[in-house]
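Heads up: the structure comes next, in structure tokens.
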Amino acid sequence: MNRTHSQALQSRAEKLFPGGVNSPVRGFRSVGGEPPFVARAEGAYLFDADGNRYIDYFGSWGPMILGHAFPPVVEAIERAARNSASFGASTAAEGDLAELVMACYPAIERMRFVSSGTEATMSAIRVARAATGRKRIIKFEGCYHGHADGLLVKAGSGVATLGIPGSAGVPEEIAQLTLALPYNDLDAVRAAFNEYSGQIAAIILEPVIGNAGCILPADGYLQGLRSITAEHGALLIVDEVMTGFRLALGGALELYQLDADLVTLGKIIGGGLPCGAFGGKRKFMDLLAPLGPVYQAGTLSGNPLAMAAGAATVGYLREHAATIYPHLEATSKAVAEGVAAEAQKAGIPLTTNRVGSMWTWFFTSSPVSNYEEAATSNTATFGHFHQAMLKAGIWLPPSQFEAMFLSQAHGPTEVASTITAAKEALKLPK
Ligand code: HOZ
Numbered sequence: 022m023n024r025t026h027s028q029a030l031q032s033r034a035e036k037l038f039p040g041g042v043n044s045p046v047r048g049f050r051s052v053g054g055e056p057p058f059v060a061r062a063e064g065a066y067l068f069d070a071d072g073n074r075y076i077d078y079f080g081s082w083g084p085m086i087l088g089h090a091f092p093p094v095v096e097a098i099e100r101a102a103r104n105s106a107s108f109g110a111s112t113a114a115e116g117d118l119a120e121l122v123m124a125c126y127p128a129i130e131r132m133r134f135v136s137s138g139t140e141a142t143m144s145a146i147r148v149a150r151a152a153t154g155r156k157r158i159i160k161f162e163g164c165y166h167g168h169a170d171g172l173l174v175k176a177g178s179g180v181a182t183l184g185i186p187g188s189a190g191v192p193e194e195i196a197q198l199t200l201a202l203p204y205n206d207l208d209a210v211r212a213a214f215n216e217y218s219g220q221i222a223a224i225i226l227e228p229v230i231g232n233a234g235c236i237l238p239a240d241g242y243l244q245g246l247r248s249i250t251a252e253h254g255a256l257l258i259v260d261e262v263m264t265g266f267r268l269a270l271g272g273a274l275e276l277y278q279l280d281a282d283l284v285t286l287g288k289i290i291g292g293g294l295p296c297g298a299f300g301g302k303r304k305f306m307d308l309l310a311p312l313g314p315v316y317q318a319g320t321l322s323g324n325p326l327a328m329a330a331g332a333a334t335v336g337y338l339r340e341h342a343a344t345i346y347p348h349l350e351a352t353s354k355a356v357a358e359g360v361a362a363e364a365q366k367a368g369i370p371l372t373t374n375r376v377g378s379m380w381t382w383f384f385t386s387s388p389v390s391n392y393e394e395a396a397t398s399n400t401a402t403f404g405h406f407h408q409a410m411l412k413a414g415i416w417l418p419p420s421q422f423e424a425m426f427l428s429q430a431h432g433p434t435e436v437a438s439t440i441t442a443a444k445e446a447l448k449l450p451k
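22 is the number of the first residue of the sequence shown in this note's numbering; add one for each residue after it.
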């Protein structure tokens, strides 16, 4: 596979950006090999600067559920752009997307748009602290909620990928306010509420972890968190940046019949443009300025292009939910189980965790129900697998600790090519 142009672009990027990238996991440091530079994408396929074609299994890390350059989304962005890219003033488009979101998320009575998932989680925590007058928060090991200071404690995604225990530059005083507990362990949560009685403002979690690889909640775990927070007067913040509109139209809240005080959204909600949102119970959201004392703002919040792309995406999902979600489920099941069967034939220990169109192949024989177990994966084997798949034209997320995603544009052809490629890629060097 010729990668001459990508290599030249990488050399230039290394002179411009730390590590040659604008977001750490894109650097391929944990899997080895050189990252191709993307020139364009269509449907289920990415095309690099040298014209090589890849089946895309990371979908811009989640947003591209309808496939790349999906015509209704492209047209909506084009239409909006003709009216100018930004106003910094209210538009009808914000209400259009908000109504769609609220129709899918009954837990959201009021919401606010921001420009990223990081802003959404950071703002939701500020609201929770204001609502309770408490400082501490609970998060779970391996969950990633963006890169705000207090949320990088034992975080997943690039933090786990690069083996950074916390982040330099985060003051200890801030990190200490975050209690990082093992996921899927209600006793640990009860113990923390006893130890820090009256001090915990909120629990924030990924209802299905995507940022330590895909890790599912045990039966009753999410409901358990809901009861514990209610009992202790703390808020439950469900971070659906990754799972929102992906696991179901109403995300994990719908799938697991869960209620939340606050919900954070990103990725799919912007149809591939920079967009996030947080929302929830009115009594909490009305604490925000200009109604209340919690300050939060953004020049590009509710950006008209992002609103248009988001409304085209969520609107399409809503209209076609009855066919899209079963298709995503069937295609993901076929590829996830097909590759797992090849690993079994090759005698390679592999644990597959999947819910809908989100999954991870962990190179370990043990079940994976929390970050500690995910960390038993053989990351060198994952790196070998990743490189071999890329050479065969299959682009997986470049980390053992990220989830795979597919889109409505993936189908039996892509599944068959992926399984064939995996059969070869799983021939590991002795
Ligand atoms: N934090 C993102 C994955 N969980 C990575 C974003 C990116 O590198 O684009």
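We put the CB at the ideal spot given by N, CA and C, even for glycine.
CB of residue i within 8 Å of CB of residue j, strictly
{"i": "Val-262", "j": "Ala-273", "result": "no"}
{"i": "Ile-290", "j": "Gly-265", "result": "yes"}
{"i": "Phe-305", "j": "Ala-152", "result": "yes"}
{"i": "Ala-367", "j": "Lys-448", "result": "yes"}
{"i": "Phe-426", "j": "Tyr-78", "result": "yes"}
{"i": "Ser-51", "j": "Leu-173", "result": "no"}
{"i": "Met-22", "j": "Lys-412", "result": "yes"}
{"i": "Leu-198", "j": "Gly-171", "result": "yes"}
{"i": "Val-284", "j": "Gly-359", "result": "no"}
{"i": "Arg-150", "j": "Tyr-217", "result": "no"}
{"i": "Ala-101", "j": "Leu-326", "result": "yes"}
{"i": "Met-85", "j": "Ser-428", "result": "yes"}
{"i": "Gly-234", "j": "Thr-373", "result": "no"}
{"i": "Met-410", "j": "Ala-364", "result": "no"}
{"i": "Met-328", "j": "Val-229", "result": "no"}
{"i": "Gly-292", "j": "Ala-330", "result": "yes"}
{"i": "Gly-432", "j": "Thr-352", "result": "yes"}
Residues bridged to residue i [DSSP beta-bridge criterion]
{"i": "Val-148", "result": "DSSP, once it has assigned bridges, lists no residue as partnering Val-148."}
{"i": "Met-85", "result": "Beta-bridge pairing links Met-85 to no other residue."}
{"i": "Met-425", "result": "Trp-380"}
{"i": "Val-284", "result": "Val-259, Gly-300"}
{"i": "Ala-201", "result": "Lys-160"}
{"i": "Thr-372", "result": "Phe-383"}
Among the options, the one whose alpha carbon lies nearest that of residue i
{"i": "Arg-147", "options": "Met-425, Tyr-126, Ala-318, Gly-187", "result": "Ala-318"}
{"i": "Pro-450", "options": "Thr-402, Ser-438, Gly-167", "result": "Thr-402"}
{"i": "Pro-388", "options": "Ala-141, Val-191, Ala-430, Ile-236", "result": "Ile-236"}
{"i": "Leu-294", "options": "Pro-238, Ala-29, Val-94", "result": "Val-94"}
{"i": "Ser-111", "options": "Ile-129, Phe-134, Trp-416", "result": "Phe-134"}
{"i": "Tyr-392", "options": "His-407, Met-379, Gln-421", "result": "Gln-421"}
{"i": "Arg-211", "options": "Ala-255, Val-42, Leu-312", "result": "Ala-255"}
{"i": "Ala-396", "options": "Ala-364, Glu-423, Pro-418, Trp-416", "result": "Glu-423"}
{"i": "Glu-115", "options": "Phe-38, Glu-96, Ser-136", "result": "Ser-136"}
{"i": "Glu-227", "options": "Gly-432, Tyr-242, Gly-404, Asn-215", "result": "Tyr-242"}
{"i": "Glu-63", "options": "Asn-73, Phe-91, Asn-43, Val-46", "result": "Phe-91"}
{"i": "Thr-400", "options": "Pro-370, Ile-415, Val-376, Gly-377", "result": "Pro-370"}
{"i": "Pro-419", "options": "Gly-40, Asn-43, Glu-55", "result": "Glu-55"}
{"i": "Gly-48", "options": "Asn-73, Ser-178, Ile-195", "result": "Ser-178"}
{"i": "Gly-377", "options": "Cys-125, Leu-276, Ala-430, Phe-384", "result": "Leu-276"}
{"i": "Ala-65", "options": "Ala-355, Thr-434, Ala-362, Tyr-126", "result": "Thr-434"}
Contact with chain B by residue i, beta-carbon distance below 8 Å
{"i": "His-407", "result": "Included in the structure is just one protein chain, with no chain B present."}
For residue i, the three-state DSSP class (helix, strand or coil)
{"i": "Tyr-66", "result": "strand"}
{"i": "Ala-298", "result": "strand"}
{"i": "Arg-211", "result": "helix"}
{"i": "Leu-226", "result": "strand"}
{"i": "Thr-400", "result": "helix"}
{"i": "Val-174", "result": "coil"}
{"i": "Ile-258", "result": "strand"}
{"i": "Asp-77", "result": "strand"}
{"i": "Met-328", "result": "helix"}
{"i": "Phe-406", "result": "helix"}
{"i": "Val-389", "result": "coil"}
{"i": "Arg-157", "result": "strand"}
{"i": "Val-315", "result": "strand"}
{"i": "Arg-131", "result": "strand"}
{"i": "Leu-309", "result": "strand"}
{"i": "Gly-501", "result": "It is not possible to answer for residue 501, since the shown part of the chain is limited to 22 through 451."}
{"i": "Val-59", "result": "strand"}
{"i": "Gly-109", "result": "coil"}
{"i": "Ile-221", "result": "strand"}
Whole-number beta carbon distance between residue j and residue i, since they are thought to touch under 8 Å
{"i": "Ser-107", "j": "Leu-321", "result": "6 Å"}
{"i": "Gly-301", "j": "Ala-281", "result": "6 Å"}
{"i": "Arg-339", "j": "Leu-121", "result": "6 Å"}
{"i": "Asp-71", "j": "Arg-24", "result": "5 Å"}
{"i": "Asn-232", "j": "Gly-163", "result": "7 Å"}
{"i": "Lys-175", "j": "His-166", "result": "In fact, because the Cβ distance is near 11 Å, the residues do not count as touching under 8 Å."}
{"i": "Leu-87", "j": "Tyr-346", "result": "Between Tyr-346 and Leu-87 the Cβ distance is about 12 Å, and since that is not below 8 Å, they are no contact."}
{"i": "Ala-145", "j": "Phe-299", "result": "4 Å"}
{"i": "Asn-205", "j": "Ala-239", "result": "5 Å"}
{"i": "Ala-332", "j": "Asp-69", "result": "No, Ala-332 and Asp-69 are not in contact; Cβ-Cβ is about 31 Å, not under 8 Å."}
{"i": "Gly-187", "j": "Ala-181", "result": "In fact, because the Cβ distance is near 12 Å, the residues do not count as touching under 8 Å."}
Ligand 3 heavy atom lying under 7 Å from the CB of residue i
{"i": "Asp-240", "result": "Absence of ligand 3 is noted for the structure shown, with ligand 1 being the only ligands found."}
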